[in-house]
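Mapping to this note's numbering: the sequence shown position 13 is 13, numbers consecutive. Cβ atoms here follow ideal geometry from the backbone N, Cα and C, with glycine treated the same way.
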Amino acid sequence: MSENEKIKITWHGHACFTIEYGGYSIVTDPFTGVPGYPELHLTADQVFCSHEHGDHNYVQAVELTGAGKKSPFKVTEIECFHDDKQGALRGKCVIRIFEAGGLRVGHLADLGEMPDKELVEKLSGLDCALIPVGGYYTIDGSQAYKVMEEIDPKVTVPMHYRSGRLGYSEISGSDVFLSLVKDRPVVKTGGTFEIGGNDRCVIVPAVEGLANEF
């Protein structure tokens, strides 16, 4: 099994991840000012932000390598609303699907509405879905479960929730979501894991960085 057959994903908290494949790394939604978290100091080849809120667009936290490497990722962008009022409260944000080596990882941004049939079709067949579950600013745990049921990813990772001292006080924890998923494949904690390999769905959790705090 070649390392290039797998995508490595590291959660840094909130909605920020590093996604790596074939020696190329992407950071999505770097944050600043999220209660409880230390300031981020990351390195990557490329950075993406789902929208222009400070807890998702702090690109100053990411040092770009400047190596001029060609990205192996195909990136598909899909607009969604940040609330259930057609964007009247918080505007729009961008869902991104990162695809490499036949594997598809979807970062669902600050999705604040239940997806319509068209969006469900675009998100179907993901190998890994990174889904907000905390509510208030995004869909909540029960809504996230329904989204997961509809798009049916191989692996789901809850994000954008509060855990102890970490995260905004307005948002909830991941308990409701996790209580519903039962035996579905879900990465429940922070740290690093991989998807891919010969069976196309390898989960390799590792205790790294903030993993023990989630």
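What three-state label does DSSP hand residue i in the structure shown?
{"i": "MET114", "result": "coil"}
{"i": "GLU77", "result": "strand"}
{"i": "ILE9", "result": "strand"}
{"i": "TYR24", "result": "strand"}
{"i": "ALA44", "result": "strand"}
{"i": "ILE171", "result": "coil"}
{"i": "VAL133", "result": "coil"}
{"i": "SER142", "result": "helix"}
{"i": "ALA100", "result": "strand"}
{"i": "VAL34", "result": "coil"}
{"i": "VAL187", "result": "coil"}
{"i": "SER179", "result": "helix"}
{"i": "LYS92", "result": "strand"}
{"i": "LEU126", "result": "coil"}
Roughly how far, in whole angstroms, is the beta-carbon of residue i from the beta-carbon of residue j, given that I think they are within contact range, below 8 Å?
{"i": "PRO185", "j": "VAL155", "result": "5 Å"}
{"i": "TYR37", "j": "HIS14", "result": "7 Å"}
{"i": "ILE195", "j": "ILE7", "result": "5 Å"}
{"i": "GLY106", "j": "LEU123", "result": "6 Å"}
{"i": "PHE193", "j": "ILE9", "result": "6 Å"}
Excluding sequence positions up to five away, which residues of its chain have a Cβ less than 8 Å from the Cβ of residue i?
{"i": "VAL47", "result": "ILE26, VAL27, THR28, PRO30, VAL59, VAL62, LEU64"}
{"i": "LEU40", "result": "HIS12, CYS16, PRO30, PHE31, THR32, TYR58, ALA61, VAL62"}
{"i": "ARG104", "result": "ILE97, PHE98, GLY125, LEU126, ASP127, CYS128"}
{"i": "PRO72", "result": "TYR21, GLY22, TYR24, ALA100, GLY101"}
{"i": "LYS92", "result": "HIS51, GLU79, CYS80, PHE81, HIS82"}
{"i": "ARG162", "result": "GLY134, TYR168, SER169, ILE171, SER172, GLY173"}
Suppose the cutoff is 6 Å on Cβ atoms and the five residues either side in sequence are ignored; what does the same chain contact list for residue i look like?
{"i": "GLU99", "result": "LYS74"}
{"i": "ILE95", "result": "ILE78, CYS80, LEU108, ALA109"}
Which same chain residues, not among the five before or five after residue i, have their C-beta less than 7 Å away from its C-beta?
{"i": "THR138", "result": "ASP110, LEU111, GLY112, PRO132, HIS160"}
{"i": "ILE151", "result": "VAL120, LEU123, SER124, LEU126, ALA129"}
Which word fits residue i, buried or exposed, when buried means at least 16 other C-beta atoms lie within 10 angstroms of its C-beta?
{"i": "GLY134", "result": "buried"}
{"i": "ASP45", "result": "buried"}
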